[in-house]
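Colleague: Numbering (our numbering), first residue to last: 3 to 161. Ideal Cβ placement from N, Cα and C applies to all residues, glycine included. Provided herewith is a single structure, encoded as structure tokens, for subsequent inquiry.
Quick look at the structure:
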């Protein structure tokens, strides 16, 4: 069960809980709520593992982009060398090879930028989910800390 499902279960507990008249508060089963919090804690490492996977995947993509760029640059330089051997087309070959190198460097930069953007998006979404979960946990704990009202206090508050 993932964190979102557990949070939805907790939300159902709050929505289906017994309401305290005139207070807007809900009586909850503390054991059930604590069980949900424990399950959230136990599922958090999975989300952290996912974040680590995203980071490793980002590094792998960047490495591949660098290797591809280096290969393309090497290929362009080899092309330059071959073209330079031909005396009549040397200038044209040099210009074309510079263009190829520029394109290769631009492609490599685009690959890096795309990989960084992808990793940033995934990590931002994960961070938002973790922050939302943490806020829900804090709210649940805060509700657990509030002492229940005694019947006499409830009757007095109702008047």
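Per DSSP, which residues does residue 1 bridge with? Please list them.
Modeller: Look at the range of the chain in this structure, 3 to 161, and you will see that residue 1 is not part of it.
Colleague: Pull up the CB-CB distance for residue 139 and residue 42, whole angstroms please, since I reckon it's below 8 Å.
Modeller: Right, their Cβ atoms sit about 6 Å apart.
Colleague: How would you label residue 142, buried or exposed, when you count the other beta carbons within 10 angstroms and need 16 or more for buried?
Modeller: Counting Cβ neighbours within 10 Å, residue 142 comes out buried, since at least 16 surround it.
Colleague: Looking at the unbroken alpha helix (DSSP H) that takes in residue 100, where does it start and where does it end?
Modeller: Start and end: 92–147.
Colleague: Does the beta-carbon distance from residue 113 to residue 67 come in below 9 Å?
Modeller: Yes; because the gap between Cβ atoms is below 9 Å, this pair is in contact.
Colleague: Assuming residue 16 and residue 29 form a contact by the criterion Cβ under 8 Å, report the distance between their Cβ atoms to the nearest whole angstrom.
Modeller: Not quite, the Cβ-Cβ distance comes to about 10 Å (not below 8 Å), so this is no contact.
Colleague: Run the CB neighbour count on residue 135, radius 10 Å, all protein chains shown included, and call it buried at 16 or more, exposed below.
Modeller: Looking at its Cβ environment, which holds 16 or more other Cβ atoms inside 10 Å, residue 135 is buried.
Colleague: Determine the burial state of residue 106: buried for a count of at least 16 other Cβ atoms within 10 Å of its Cβ, exposed for fewer.
Modeller: By the 10 Å Cβ count, residue 106 comes out buried.
Colleague: Do the CB positions of residue 131 and residue 10 come within less than 9 Å of each other?
Modeller: Contact flag unset, no.
Colleague: Between which residues of its own chain and residue 60 is the CB-CB distance below 8 Å, once the five residues before and five after are set aside?
Modeller: These residues qualify, in order along the chain: 117, 118, 120 and 121.
Colleague: Drop a sphere of 10 angstroms on the beta-carbon of residue 8, count the other beta-carbons inside from all chains shown, and report buried for 16 or more, exposed for fewer.
Modeller: That one is buried.
Colleague: Give the straight-line distance between the Cα atoms of residue 92 and residue 115, rounded to the nearest whole angstrom.
Modeller: Whole-angstrom Cα-Cα distance: 34 Å.
Colleague: Enumerate in chain order the residues of its own chain whose CB-to-CB distance from residue 99 is below 6 Å, with the five nearest sequence positions on each side excluded.
Modeller: Same-chain partners within the cutoff: 78, 81 and 82.
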